[in-house]
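*Asks:* The UniProt record's numbering numbers the first residue of the sequence shown as 1 and each following residue consecutively.
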Amino acid sequence: MIHADTIARVKERTDLVSLIGETVRLTRRGRSFVGLCPFHKEKSPSFHVNPERGIFHCFGCKESGTAIDFIMKVEGMNFAEAVRALAERSGVEIIETATEAERREANAARRARDDLYAVSHLAATFFEQSMRGPSAHPLAHYALAELARRGLDTHEATGPVADALQAFRVGYAPPGWDGLASFLKRQGVSPIVAEKVGLLVARSSGTGFYDRFRHRLMFAVTDVQGRVIAFSGRSLPEPTPDEMRRLGLQPSTAGEPPAKYMNSPESPIYTKGEHLFGLHQARHAIRQEGQATLVEGNFDVLSLHARGLCNVIAPLGTAFTTTQAKLLKRFAPTVTILFDGDAAGRKATWAARLPVHEGGLEGRAATLPAKLDPDELVRTKGPEALKSVLKSAKELYEHLIEDALQNDSFNDATTDGKLARMRAVANLLGEQKDPVKRLMLKTYADRLSSKLIVGGTAPADLRQVEQLLEQATRYDGQHPVELRAAETTVPGHRARSRSQVQEMGEHIMGALLDHPVLLDDPEVMEALDVLDGDLALAAGAVRQSLGAETQLIPDEFLAHIPASIQAFAAGRLASPVFETADVAREELLKNAGKLRRLSLSREKAATVDELQRVAPLGDVEREAALLREAVRQAKAKLGLG
């Protein structure tokens with residue numbers, strides 16, 4: 001575990017404006033800097049950075065935090081990774097709380113992993129150089145032809161296609177058995193290290209190693225930080241025997257065609273169900289769009305990125321997993337599934353529903369034209385056609401209900417077939433834990449199923465359908481809650497006064513956050529007694545979170561206040577209102593006086609209500625006490641009590 005002093009030094013040494021300025025164009029405004037938020041789409045800047053307090057806050061999406069939080073959110077790192085990255089950037093030595101033996105063990109493990117990242121990076125470089133440039137392999141034209149076939153012109157040195165090829169580190173694995181092995185040997189890399197990440201394979205007979213990937217178009221797989229962790233290689237047409245002989249290679253003998261895709265095996269740095277292809281390249285676009293598009297294949301991702309559709313990612317040779325869904329949720333709350341329009345694509349969409357649901361994502365699904373995948377659609381019809389498909393996306397479960405009820409290939413049109421479709425719908429409804437969403441989906445299913453079941457369906461079968469849907473709207477044996485209008489309402493003047501109380505309380509709290517030094521003022525301390533509830537708790541937390549020279553420690557303060565006011569407090573810390581403590585004091589005392597008078601008015605109104613209630617009861621003693629209380633409140637409001 002990283003020592004707390006190290007974390008504090010990292011925060012102190014990190015220039016927050018410089019750090020965030022690498023991602024966001026910032027402009028000074030008073031004591032803060034402002035810019036367009038990197039976490040959501042906006043036209044007017046609402047993202048504030050306060051270098052004095054080391055905090056950022058967006059008034060639009062409410063994201064806030066310190067330099068460590070910013071790196072975690074932008075780069076998808078965990079806390080320790082973010083601290084290490086900032087420590088390296090600012091020259092702070094990492095001190096850990098572990099024992100000496102534990103530190104040695106951790107450092108050795110870290111060095112071993114770094115070796116695996118390094119050899120993977122070298123392999124990506126080798127594949128890139130083998131495809132283009134002065135070191136290109138004579139048979140690289142097969143890889144270039146495959147890219148050209150997909151409308152990706154590799155002749156341009158700059159532009160969106162070149163950028164995409166570079167971002168995804170697309171390359172070529174030459175034929176033969178030791179092209180990569182020889183390259184790595186020249187770089188001083190142990191073949192055992194290369195074997196650990198699946199780049200080389202140990203020979204079953206004799207000694208030595210051979211290349212796993214041969215004569216394939218190569219895609220580098222990166223983690224969310226951009227480190228190469230694995231590879232995916234697409235098969236290419238076989239070279240002619242003459243080409244092979246000219247290179248001194250043995251022509252391949254006829255046999256089973258190679259697998260269309262070959263992927264790296266799992267390794268200490270790569271678990272396929274835990275990473276998403278293209279997430280590192282897409283992460284900023286996903287944050288800006290507020291959603292990701294999930295496609296099936298590597299070429300879909302590459303092709304769409306090359307045409308300006310950059311929030312696109314794909315699973316890695318496996319079904320979409322809950323772990324991948326949770327990883328994606330760090331960057332956006334919504335995912336649109338855009339799998340191929342064939343039977344396999346439909347099946348994959350159905351399979352993705354539970355990981356999406358369990359990962360906490362809002363799922364949507366779009367339908368591609370028959371026999372087209374995203375790559376083919378964007379190549380033949382252009383980016384606008386694909387954008388149109390995405391705009392027509394439906395909520396995921398609505399899409400699946402519609403698919404179950406209307407797709408002819410799902411089942412036959414007989415009564416049994418119709419009932420089978422309804423059972424599929426019932427199962428979908430039963431997966432929903434939220435009773436409100438379950439009822440909404442049932443209403444949607446009712447509307448669609450009425451078209452399906454009426455023609456030629458026996459009354460008994462209709463009743464069975466109704467029972468299926470009714471049962472599906474129950475969860476754990478309980479009927480969903482009914483939605484009713486509230487039985488009680490708050491009188492208008494009471495609701496308004498509560499709103500005024502909150503507003504004035506926030507004015508008081510804001511002035512204190514602008515200048516915590518006001519806590520040394522006895523009159524201010526007395527005025528703060530007017531606060532109650534969460535604001536009173538927050539005022540107490542201010543003093544507890546003060547550092548040297550009455551400077552507030554933002555992350556410590558925010559961690560100790562109620563969630564209901566964290567967004568307000570973070571925003572005020574990032575963007576103070578009052579330049580001087582004198583002005584802040586004046587505003588604080590003024591609002592405290594208003595709030596005290598408002599509170600007295602509310603107390604008086606409550607006393608009058610009570611007087612009206614007891615007057616008909618003949619309780620003279622109680623009535624007299626209430627009258628005395630009303631007089632006391634009136635004097636207090638006038639400052640005479």
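For each residue, glycine too, the CB sits at the ideal point set by N, CA and C. Because the structure is a prediction, the values reported are computed rather than measured.
When you compare the segment 336 to 350 with the segment 393 to 404, are there three or more beta-carbon pairs, one atom per stretch, that lie closer than 8 Å?
*Replies:* yes
*Asks:* Taking all protein chains shown into account, do 16 or more other C-beta atoms lie within 10 angstroms of the C-beta of Gly382, making it buried, or fewer, making it exposed?
*Replies:* exposed
*Asks:* Please list the terminal residues of the continuous beta strand (DSSP E) segment that includes His48.
*Replies:* 47 to 50
*Asks:* How far does the alpha helix (DSSP H) with Met525 in it reach, from first residue to last?
*Replies:* That run of the alpha helix (DSSP H) goes 522 to 527.
*Asks:* Just verifying my parser: in three-state terms, what is the DSSP assignment at Ala220?
*Replies:* strand
*Asks:* On the DSSP bridge list, what partners appear for Gly233?
*Replies:* Met218, Met262
*Asks:* Is Ser130 closer than 8 Å to Pro191 when the C-beta atoms are compared?
*Replies:* no
*Asks:* Measure how close the beta-carbons of Lys329 and Gly360 come, nearest whole angstrom, since I'm counting them as under 8 Å.
*Replies:* 5 Å
*Asks:* For Phe231 and Ser264, which I take to be in contact (beta-carbon distance under 8 Å), what is that distance rounded to the nearest angstrom?
*Replies:* 5 Å
*Asks:* Decide yes or no for the touch test of the segment 318 to 329 against the segment 267 to 277: beta carbon pairs closer than 8 Å, at least 3 of them.
*Replies:* yes
*Asks:* Helix, strand or coil, according to DSSP, for Leu309 in the structure here?
*Replies:* Coil.
*Asks:* Taking Cβ positions, are Arg150 and Asp375 nearer each other than 8 Å?
*Replies:* The Cβ atoms of Arg150 and Asp375 lie closer than 8 Å to each other.
*Asks:* Considering only residues of the same chain and omitting the five flanking positions on each side of Val378, which have a CB-CB separation below 8 Å?
*Replies:* Ser303, Leu304, Arg307, Leu309, Ala385, Leu386
*Asks:* Compute the Euclidean distance between the alpha carbons of Met218 and Ile229, then round it to the nearest angstrom.
*Replies:* 13 Å
*Asks:* So, does the segment 180 to 190 touch the segment 80 to 96, judging by three or more C-beta pairs under 8 Å?
*Replies:* Verdict: no, contact absent.
*Asks:* Does DSSP put Glu586 in a helix, a strand or coil?
*Replies:* helix
*Asks:* Taking only the alpha-carbon atoms, compute the straight-line gap between Arg353 and Ser267 and give it to the nearest angstrom.
*Replies:* 28 Å
*Asks:* Who are Leu96's beta bridge partners in DSSP?
*Replies:* The amino acid at residue 96 is misidentified as Leu; the sequence shows Glu. Glu96 is bridged to Ile2.
*Asks:* For the segment 265 to 332, which segments carrying the beta strand (DSSP E) assignment without a break, of at least 3 residues, lie completely within its bounds, in sequence order?
*Replies:* 291 to 294
*Asks:* Should the segment 511 to 521 be regarded as contacting the segment 574 to 583, the criterion being three or more beta carbon pairs within less than 8 Å?
*Replies:* Yes, since at least three Cβ pairs between the segment 511 to 521 and the segment 574 to 583 fall closer than 8 Å, the two stretches touch.
*Asks:* Report all residues from its chain with a CB closer than 7 Å to the CB of Glu12; omit the five preceding and five following residues, and keep chain order.
*Replies:* Cβ contact annotation for Glu12 (same chain, cutoff 7 Å, sequence separation greater than five): none.
*Asks:* Contact between the segment 12 to 23 and the segment 43 to 54 is defined here as three or more beta-carbon pairs at a separation below 8 Å; is this criterion met?
*Replies:* The segment 12 to 23 and the segment 43 to 54 touch, with no fewer than 3 CB-CB distances between them shorter than 8 Å.
*Asks:* Within a Cβ cutoff of 7 Å, which residues of the same chain sit near Asp534, ignoring the five residues on either side of it in sequence?
*Replies:* Answer for Asp534: Pro562, Ser564, Ile565, listed in chain order.
*Asks:* In angstroms, rounded to a whole number, what distance separates the CA positions of Ala569 and Leu528?
*Replies:* The straight-line gap from Cα to Cα measures roughly 16 Å.
*Asks:* Just to confirm, is the Cβ distance from Ser44 to Ile55 under 8 Å?
*Replies:* Note that the C-beta distance between Ser44 and Ile55 is not below 8 Å.
*Asks:* Spell out the partners DSSP gives Ile55 in its beta bridges.
*Replies:* Asn50
*Asks:* Do Ala314 and Gly297 count as a contact pair if the criterion is CB distance below 8 Å?
*Replies:* yes
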